[in-house]
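Take the position in the sequence shown, starting the count at 1, then add 1220; the result is the number in my numbering.
From the three backbone atoms N, C-alpha and C, an ideal C-beta is built for every residue, glycine too.
Keep in mind the model is a prediction, meaning the values are calculated, not measured.
What follows is a short report on a single structure.
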Amino acid sequence: MLRTLFISVTLSALTLVLFRKIAATYSMSTSSWSSSFASWHTRAQGISHAALSTFIPSRDTLSLAVLLNAPAENEGFTLALFSQSKEDGSGSHVFAVDALGNTLLMAEKDASGILSLAKEASSLPQTETFRNTWVVKRPTTSLPIHRLFIFNEASGNNPHEISVQGFTKETKELKRPIQGNEELPQVLWELVGLVLEAREGVGLGASRNEVSLKKVREVVASLF
1221 MLRTLFISVT LSALTLVLFR KIAATYSMST SSWSSSFASW HTRAQGISHA
1271 ALSTFIPSRD TLSLAVLLNA PAENEGFTLA LFSQSKEDGS GSHVFAVDAL
1321 GNTLLMAEKD ASGILSLAKE ASSLPQTETF RNTWVVKRPT TSLPIHRLFI
1371 FNEASGNNPH EISVQGFTKE TKELKRPIQG NEELPQVLWE LVGLVLEARE
1421 GVGLGASRNE VSLKKVREVV ASLF
């Protein structure tokens, strides 16, 4: 009887340990992406032709650039954020040029939030890999690489680059741990999910503003 009780207790303990391991693995491999700045692209306002004529993209005003390396788009452009001082000196407007070449005036809360996330992401540990790349664990290979270039006063003409390969809003689990991190850092996961809103409509037949795209590509040409 004691032997039966011992076996029963042992099996129960092993089952509990196994359950906890499975739960931990499931928690790591499945996550729910969210951000208080989600839908920033929808909230951003298109600017008039008159205002557009005065908007001149330049390296001096560039705050964030996001490029794409993918099998179908080796030198793709996703997003550029430009910060320009307001005429009354009360702060800055942040203009976004998206993947279709639309120039948008961002809501101040969204602009501040996304740039703050970018600043925080620039403090993450280096991956010691090509282009400082974080690789998400996925069942397929040759996945897109999203390259983020973060500009600030300290960086000058040498922005901080962070890349993420295989991004998905379903999981943060990394292919290999980096500096003790087994998952893509939350700030980077949130940031990439946000900047990819700038690709809405790409490949769906939406028209592109090639003039605007050409101007921005000239600004970010050295980053490709």
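Checklist entry - Is the stretch 1274-1283 close to the stretch 1398-1408, with three or more CB pairs under 8 Å? => result Below 8 Å, too few C-beta pairs join the stretch 1274-1283 and the stretch 1398-1408 to call them touching: fewer than three.
Item to check | beta strand (DSSP E) runs wholly inside the stretch 1283-1361, at least 3 long, in chain order | outcome: Taking 3 residues as the shortest admissible run, the stretch 1283-1361 contains the following complete beta strand (DSSP E) segments, listed from N- to C-terminal end: 1293-1305, 1312-1318, 1323-1325 and 1353-1355.
Checklist entry - Would DSSP call Leu1424 helix, strand or coil? => result As a first step, residue 1424 must be located in the sequence shown, where it is residue number 204. Secondary structure at Leu1424: coil, using DSSP grouped into helix, strand and coil.
Item to check | Of the residues Phe1297, Thr1391 and Val1317, the one placed nearest Val1355, counting alpha carbons only | outcome: Taking the first residue of the sequence shown as position 1, residue 1355 is located at position 135. Residue nearest to Val1355 within the set Phe1297, Thr1391 and Val1317 is Thr1391 (criterion: CA-CA distance).
Next on the checklist: Taking 6 Å as the limit between beta carbons, can you name the residues of its chain near Gly1407, skipping five residues before and five after?
Outcome noted: On the sequence shown, residue 1407 is found 187 positions in, with the first residue counted as 1. For clarity, residue 1407 is Val in the given sequence; the question names Gly instead. For Val1407, where only same-chain residues beyond five positions count, the Cβ hits under 6 Å are Leu1337, Glu1340 and Ala1341.
Checklist entry - Using the C-alpha atoms, what's the distance from Ala1290 back to Ala1316? => result Numbered from its first residue, the sequence shown carries residue 1316 at position 96. Numbered from its first residue, the sequence shown carries residue 1290 at position 70. Between the C-alpha atoms of Ala1316 and Ala1290 there is a straight-line separation of about 22 Å.
Item to check | Neighbour-count burial assignment, His1269, 16 or more Cβ in a 10 Å radius | outcome: Taking the first residue of the sequence shown as 1, we reach residue 1269 at position 49. His1269 is exposed by the Cβ-count criterion.
Next on the checklist: Suppose you measure from the CA of Glu1307 to the CA of Val1422; what does that come to, to the nearest Å?
Outcome noted: By one-based count along the sequence shown, residue 1307 stands at place 87. By one-based count along the sequence shown, residue 1422 stands at place 202. Annotation: Glu1307 to Val1422 spans about 34 Å, alpha carbon to alpha carbon.
Next on the checklist: Among Ser1251, Leu1443, Phe1444 and Ser1432, whose alpha-carbon lies nearest the alpha-carbon of Trp1323?
Outcome noted: Taking the sequence shown and counting its residues from 1, one reaches residue 1323 at position 103. According to the sequence provided, residue 1323 is Thr. The question's Trp does not apply to it. Of Ser1251, Leu1443, Phe1444 and Ser1432, the residue nearest in Cα terms is Ser1432.
Item to check | Buried or exposed (CB count within 10 angstroms, at least 16 for buried), Phe1369 | outcome: Position 149 of the sequence shown, counted from the first residue, corresponds to residue 1369. Buried, because 16 or more other Cβ atoms sit within 10 Å of the Cβ of Phe1369.
Next on the checklist: On a Cα-Cα basis, can you pick out the residue from Phe1371, Val1314 and Ala1271 that is closest to Val1440?
Outcome noted: Taking the first residue of the sequence shown as 1, we reach residue 1440 at position 220. Per the Cα distances, Phe1371.
Next on the checklist: Taking the alpha-carbon of Ile1276 as reference, which of Glu1373, Lys1434, Leu1443 and Ala1327 has the nearest alpha-carbon?
Outcome noted: Mapped onto the sequence shown, residue 1276 falls at position 56. Looking at Glu1373, Lys1434, Leu1443 and Ala1327, the one whose alpha-carbon comes closest to that of Ile1276 is Lys1434.
Checklist entry - For Gly1333, does the count of other Cβ atoms within 10 angstroms reach 16, so buried, or fall short, so exposed? => result Translated into positions along the sequence shown, residue 1333 becomes position 113. Using a 10 angstroms sphere on the CB of Gly1333, the tally of other CB atoms reaches 16 or more, which defines it as buried.
Item to check | Reduced DSSP secondary structure (H/G/I, E/B, other) of Glu1403 | outcome: On the sequence shown, residue 1403 is found 183 positions in, with the first residue counted as 1. Strand, per DSSP.
Checklist entry - Since Arg1419 is in the beta strand (DSSP E), which residue starts that stretch and which ends it? => result Within the sequence shown, numbered from 1, the residue matching residue 1419 stands at position 199. Neither: Arg1419 is in no beta strand (DSSP E) and is coded neither H nor E.
Item to check | First and last residue of the uninterrupted beta strand (DSSP E) at Glu1381 | outcome: For this step, residue 1381 is matched to residue 161 along the sequence shown. That run of the beta strand (DSSP E) goes His1380 to Gln1385.
Checklist entry - Ordered along the chain, which non-local residues of its own chain (more than five positions away) have a Cβ less than 6 Å from that of Ala1243? => result Indexing the sequence shown from 1 puts residue 1243 at position 23. Low per-residue confidence applies at Ala1243: pLDDT is 40, beneath 50, and the placement is therefore not dependable enough to give any value.
Checklist entry - Does DSSP classify Glu1373 as helix, strand or coil? => result Within the sequence shown, residue 1373 is the residue found at index 153, counting from 1. Three-state result, Glu1373: coil.
Checklist entry - Taking C-beta to C-beta, are Met1326 and Ala1426 nearer than 7 Å? => result Taking the first residue of the sequence shown as 1, we reach residue 1326 at position 106. Taking the first residue of the sequence shown as 1, we reach residue 1426 at position 206. Taking 7 Å as the Cβ cut-off, Met1326 and Ala1426 do not qualify as a contacting pair.
Item to check | Limits of the unbroken beta strand (DSSP E) element including Arg1279 | outcome: Taking the sequence shown and counting its residues from 1, one reaches residue 1279 at position 59. From DSSP, Arg1279 is part of no beta strand (DSSP E); its letter is neither H nor E.
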